[in-house]
Amino acid sequence: MSGNGEQMENAKDQIGFLKLFPFPLNRLGVGNKILFMVLLIFICYTILLSLVIGATSFNNLALVTKNNLERMATLLAGRIVKINAQSMQVAQSMETNYIIVQQLQRLINYGPYYSSDESLLGRPIEDSEVIYAFQAQMEISKQLLSLQTINALNSISIFLVSPFDMVHDAMPALTIHLDRKALFVTRFNQKGRAENPQVYRIALEKLIFPGPDYFDISSVYALPPEKFYGDHHFEMVVGVPESAVLSEKWNSPEEPRSKIIFRGGLPIIRNWYPVNVLVSNPETFMDQSVTCSMVVVEKVLDTEVMKTLKYDLGVDVGLAWKNTLLIASMNISGSRVPLPGNQTLVVGDRDYYYHAKPVRFLENGLSDFMVVTMSPISELTGLTKTLFFQIALLTGIAVLVTVLLIYVGIHRVVKIPLQSLMNGVKSIAEGDMTYRVHIHSPDDELGVLSSAFNQMSSEIGRKSIELEDVNRHLRSSIVDLRTKETDLSKTKNYLNNIINSMPSILVGVDQEGKVTEWNVEAERATGISAENAKGKSLNDVYPGLIARLEEVYKTMTEKKPYKAEKLMSWVDGETRYSDIMVYPLVTNGVEGAVLRIDDVTNRVRIEEMMIQTEKMISVGGLAAGMAHEINNPIGGILQSVQNIFRRVSVDFPKNVQTAQESGTDLGCIRMYLEKREVFSFLEGIRDAGQRAAHIVANMLNFSRQSHSQFTPTPLDALLNNTLELAAHDYDLKKKYDFRHIQIVREFSPDLPAVPCIPTEIEQVILNLLKNAAQAMMDANDSRKNPQITLRLYQEGKSAVIEVEDNGPGMDEKIRKRVFEPFFTTKEVGVGTGLGLSVAYFIINNNHRGTMTVVSTPSIGTKFSVALPIVGRSS
Amino acid sequence: MRCHRPFQALIALLFFVLSLYLYAFSVNCVFAAEDAISRWVDEFQPSTLSKQEQREELKWFSKAAEPFRGKVLRSTAEDIKTHFWERDVLAKAFEEITGIRVNHEIVGEGSLVQRIMEQMKSGRVINDIYVNDADLVGTHLRSQAVLNLTEYMAKEGKPYTNPQLDLTDFLNLEFGQDYDGNQLQLPDQQFANLYWFRYDWFTRKDIKDKFRRKYGYELGVPVNWAAYEDIAEFFTGLEIDGKKVYGHLDYGKKSPSLGWRFTDAWLSIAGVGDKGLPNGLPVDEWGIRVENRVPVGSSVARGGALNGPAAVYALEKYVLWLNKYAPPEAKNWLWVDAGPKAARGDIAQVVFQYITWLSHEDFHRPGSPVVDAAGRPLWRVAPTPHGRYWDEGMKVGYQDAGSWTIPKNVKGQRRAMAWLWAQFCVSKTVSLKKFLVGGTPVRKSTVFSTYLDPIKDKWGGLIDFYRSPEEKKWTDTGLNVPHYPALSAVWWPYISKAISGELTPQEAMNAIADSQDKLMGKMHLARYSPKLNPVKTEAYWLKQPGAPKPWRPRPEPKTVSYDELIKQWRSR
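What follows is the structure in structure tokens.
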């Protein structure tokens, strides 16, 4: 109890201590409490450190300042000497400035102290000379202005002196003076005297220099000098500024001088420099370099200069004369400040540390002139305060940064792991078995606790996942099976569709010749449904293939495909052609074969027709050539025969006269010829010749393009006409007795008029009728009455004419050749062998139609002529 | 007292010795000058004066210069033979006779004008005296910046004026006078521009016949440009003694000297300007019209003639002949290049030959293609042919006088010394000798000297020219031109553009007239400063009598026999 009581006491004490703070500290977390303590310690440390540094730094700074002042005083003395050297340099530079030297020559020439010879001294200076001098003054001033500006000089003055001592004891006479405000030029009136010159002044802001064309060759002779002063706004004034007055006599003008003078309490650096130029010696008239003018340059050392120096050196500066401060960079308001010996001085209400150093000038010797550098003591105090404040500030920032770092550390080491452990427990409780606590440092206590927690939750999680996996696997298997089943049936349907949509007959057989596959085309061709066919022997369902069974088996055993083309068969009395392909087939290890049977009758017919056409065209060309060659001799033969008949005719008196002159009688001749049958021979020659001419005329039809006009013709009328013609045809009447043949007309009633050459179509039909009649007569088959059926109908875009007989028919060999020219089955002399050829030619070539023949021996023959209904022209 | 005597005697002796020394010194000086005079009299032979007269004259110079002994004088002249001789011989003589040393500097005419202008403008004494062309007299009379010699001779300079100066003996004294007859410049050397031709070719029968056949008139000295043009065409490309020759010579390189080719009276030769001697009035050959001594304009629109038909014609012919008849390289010649070129032997005639070049040795040297075996020139000079606008009573050609000119800002003793030196250079003592050297006479006594009679052929007709009253028709730039240096600078750039074809002659003359008027409009001279007339139509001015003159057709070409011409000159 006592232990507990002590702890309780301690806790109370702590609470009591924490109560000292204005906010409820006990509500803070462990980390924040530690943090608070550290902050307190640092603040105390900072305050102590600042106090110690502040106290010692003041003394050190005072020492440094005094040393610095001494160093700066040396530098300042150098600067003052340099300023002097610079203004002396400006004065010297006049002598090397070509423009200034040239203009000084003019000034001297037109000035009071020189004339080209002594005889001219004493005479007045002419107006033109005054203007020349003014020109020179303006040219020089232009140069001086830039020199003054560049070197920050206060004034530049040019004085004329007398070269060659032409005017004794001549005081330097001012000719140009330029200061910061105005330009002064002087005008002299007499050679040899410089007293009381006229002074002209112009304020710098009004000053405009004359342009290069202002003075021309006769300016100085044209106008009085006042015009030129007036043009440039110069005003006459009395007297010149103090800076333009030489306060002392200058004894040795050849020597340059440099001196500190005082004007208005201000020290001024003043430099004199004698300028030598070439001037004609009045004794010899030879040019000689002599001193003829003097340049005086002034630089005032005023507050402005001091401020500039302060800016350069970084300390306050001043100038002192005989231990009294004359001028300084800070305001001393004209009061003379003494320099005490204790290195401190007082200006106004401020104390300064100072250092003074004497400066040596050309004229003044080791003078009482001193440069002074100063630094205010109050500045040191200020510096110390600043230092104290800066240290305090720096330490404060350091403390803040440190506290921040500690806070971040505690937060990461303790607070975050505890928080995540708590979140884990919460998640498990809510059923989230996957939650894992992040382990920040595995070796500490929190780390061990976290990993034990993770182990536990992962064990629970693993079991749940296993169960879930099994379920998921089962579900996916079922879905898979269903999908495969659907695919399978789709494929099967697809294959069946392919097989059934093919125009070929497809039949599958197994090793024993049993049907396994039977497509729609097979059903159509055989009339046996697939259901009935399958499982039956191929012999039973497709007897037409009996002849090929051997090849089917051979294919299965040898595993080589078999092909047979254009196999002939008779279906409903019509010859049909087929191609048969047999492929070996191995399905799931079971051997069999697939038969493909294609009906190629149409293709075969077209091929035959094409071959026929080729033949006809080639023979036609040949025939045309021959016909031309044969026609001429035949013409000769016929003509000669005709002439013979005429030469023996009694109708011509010339014949009678010639016979008498020959000592005979025309009657006797004729008698002889008749008796010896010469006339009959001649008749024979004429018949044979005419026959040959007829054949040749037919042959020519092959090659001749018909020039007759296509006219829309009603074919039924045309066929009737032709039949009538046939009935009256002498040959038909005489030899075949066409009237005994029964004519059947099957005309489609609404056939439109067909564009054609009617005479040619008539010729074709007549030819077909003759052939039919002839064939039926030749057969002389008593069993049936001869009959010709004429059909007329429309098929697609063609009008079809059919001529069908029930004659003896033809075998295949003959049928193939019927359209060939000169092919005939008739006796020699009966047919020309050209009739069908010409007909074929008329239809195919002239009318772009087709002509085909179908014939079955002992049943009959059918010729079909198809003519396009749409005319040639379209 | 006795004891003092030897001392007094010593003093007296010393004084005597000193006096003797001083006397001897002065006598010595006089003797030295006397010596020099004798020597130089011998040197300055021949002379139009007798040796005694020469001696008298030189003695006067010696005496007048006494106060200036040992002093130096600066003088400047242009770079021609006469002035070189002055520098090398006369300056030496002058120093020995007067004790005055002269720096007689020889520079180009351009720099010389620049110097004198600078001296007048700025007042810097660059030189004490200049030999400056009298072309500038119009400038000087208006600037008032040069010494009025008439006044000077009468007053201040009277003691320094040679009593034997004899101004009436000068050939063309009026060149250096202002409107009122005041002498502003004194002639030192003068030269004319004349027509130069190959007398030997012009008198050869075969050549004359050929010319007559081709042009239908006699080959001779052309009186007008039409004939000059025919002759130029005739000779160009002609082979004479196996050598191809040219019918014309000129120069055309872009330079200020191209301007002289025109301002040295080419326009008056063409006929621009009015009648009147030495210069046309109221319009002169620069095309400048002057009314009451005040220049009022040079463009036709202001009454001038600088861009009138006559001026355009002058430029046209110059360019045409340069292109067609002169050697092709002539376009790249300067004045100095072209000067002696006629002596190379393949030039038949030169329309505009500065005779100063005729003293060049190429025209006289034995073996030169223009000198015969006996050393006589094969060439002659004759009056310049004139253009179609020229009328009787106008100046015919150009003649200038390089004249002594003292700027006003040279004063006192310098002025006196300068005046002495100028008079010395033109004294009768030295004039004939100077002519023989430089061929630029200024005195009548020189050109009429009997000494020249037997040898005058050596100058190819020049002496005859100077002796004839015709000589008065050859004059310099006159009083009308108010500022020679500024205005003459306007011309050559435009003329150069006309040569290159960049401007037509009319455009070039328009531009010159316009620029000249603009410049005159800006001038502010001390006296008679230009004041431009208001602009009127050109037609108005062309209708007025005199210059500017309206267009004229080509006249008949006209020639004259040289020998006839000489006879005429002599008879007058």
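Protein sequences appear in the order of chains A and B. Going by our numbering, the first residue of the first sequence is number 1, and it counts up by one from there. Going by our numbering, the first residue of the second sequence is number 875, and it counts up by one from there. Every residue, glycine too, gets a C-beta built ideally from N, C-alpha and C.
Residue contact check for GLU129(A) against chain B: a CB pair falls below 9 Å. Residues of chain B whose Cβ lies closer than 7 Å to the Cβ of MET286(A) are, in chain order, VAL946. With contacts defined by Cβ atoms closer than 9 Å, ALA1185(B) and ALA1413(B) do not form a contacting pair.
The beta carbons of GLY1286(B) and TYR132(A) sit about 16 Å from each other, so the pair does not count as a contact at 8 Å. Taking a contact to require three or more Cβ pairs closer than 8 Å, the stretch 1279-1295 of chain B and the stretch 101-120 of chain A qualify as touching. When DSSP reads this structure, ARG576(A) sits in a beta bridge with SER569(A).
Collapsing the DSSP output to three states places MET294(A) in a strand.
Contiguous beta strand (DSSP E) elements confined to the stretch 793-824 of chain A occur at 798-805, taking only those with 3 or more residues. Taking the beta carbon of TYR132(A) as reference, the chain B residues within 8 Å of it are SER996, GLY997, ASN1283, listed in sequence order. For PRO543(A), the closest alpha carbon among the candidates LYS554(A), VAL515(A), LYS181(A), ASN97(A) is that of VAL515(A). Only residues of its own chain outside the window of five on either side were considered, and among them VAL1170, GLY1171, ARG1176, ASP1391, MET1394, GLY1395 have a CB closer than 8 Å to the CB of LEU1406(B), listed in chain order.
Here GLU298(A) has ASN154, SER155, SER243, ILE268, ARG270 as same chain residues with Cβ atoms under 6 Å from its own Cβ, once five neighbours each way along the sequence are excluded.
In this structure, the CA atom of SER578(A) is about 7 Å from the CA atom of GLU565(A).
Close to chain B, meaning a Cβ-Cβ distance shorter than 7 Å, are the following residues of the stretch 131-153 of chain A: TYR132, GLN135. In this structure PRO755(A) touches PHE710(A) by the C-beta definition: roughly 5 Å separates them, less than 8 Å. Residues of the stretch 1055-1084 of chain B that bring their beta carbon within less than 8 Å of a beta carbon in chain A are absent altogether. Those residues of the stretch 190-215 of chain A placed with their C-beta closer than 8 Å to a C-beta in chain B are PHE215, ordered along the chain. For GLY1121(B), same chain residues with a beta-carbon under 7 Å away, outside a window of 5 residues either side, are ILE1105, ALA1106, GLU1107, PHE1108, PHE1109, THR1110, TYR1199, ALA1222, GLN1223 in chain order. DSSP lists SER949(B) as the beta-bridge partner residues of ILE1003(B). For ASP599(A), the pairing in a beta bridge is given by DSSP as SER578(A). Residues of chain B with a Cβ closer than 7 Å to the Cβ of ILE217(A) are, in chain order, MET991, MET994, LYS995, SER1017, ALA1019.
DSSP, reduced to helix, strand and coil, places GLY461(A) within a helical segment of the structure shown. Distances from the alpha-carbon of ASP1331(B) to those of ARG1254(B), ASP1265(B), GLN919(B), TYR1026(B) put ARG1254(B) closest. Inter-residue distance for LEU1093(B) and ALA1217(B) is about 21 Å (C-alpha atoms, whole angstroms). In the structure shown, the three-state DSSP call for LYS536(A) is coil. With 16 or more other Cβ atoms from the protein chains shown falling within 10 Å of its own Cβ, TYR1034(B) counts as buried. For the stretch 628-670 of chain A, the full-length alpha helix (DSSP H) segments reaching 4 residues or more read 653-661 along the chain. Of the candidates VAL277(A), ILE260(A), HIS740(A), ILE260(A) places its Cα closest to the Cα of ILE80(A). THR658(A) and ASP651(A) have their C-alpha atoms spaced approximately 13 Å apart.
Ranked by Cα distance from ASN1206(B), the first of ASN1001(B), THR1314(B), SER1370(B) is SER1370(B). Taking C-beta atoms under 8 Å as the contact rule, THR850(A) and ASN844(A) qualify, at a distance of about 7 Å. According to the DSSP assignment, GLY1286(B) belongs to no beta strand (DSSP E) but to the alpha helix (DSSP H) extending over 1286-1299.
Contacts with chain A at 9 Å (Cβ-Cβ) include ARG1288(B). Rounded to whole angstroms, the gap between the alpha carbons of LYS1308(B) and SER921(B) is 9 Å. Flagged as an interface residue toward chain A: MET1397(B), by a C-beta distance shorter than 9 Å. Residue pairing from DSSP places HIS177(A) in a beta bridge opposite SER157(A), PHE184(A).
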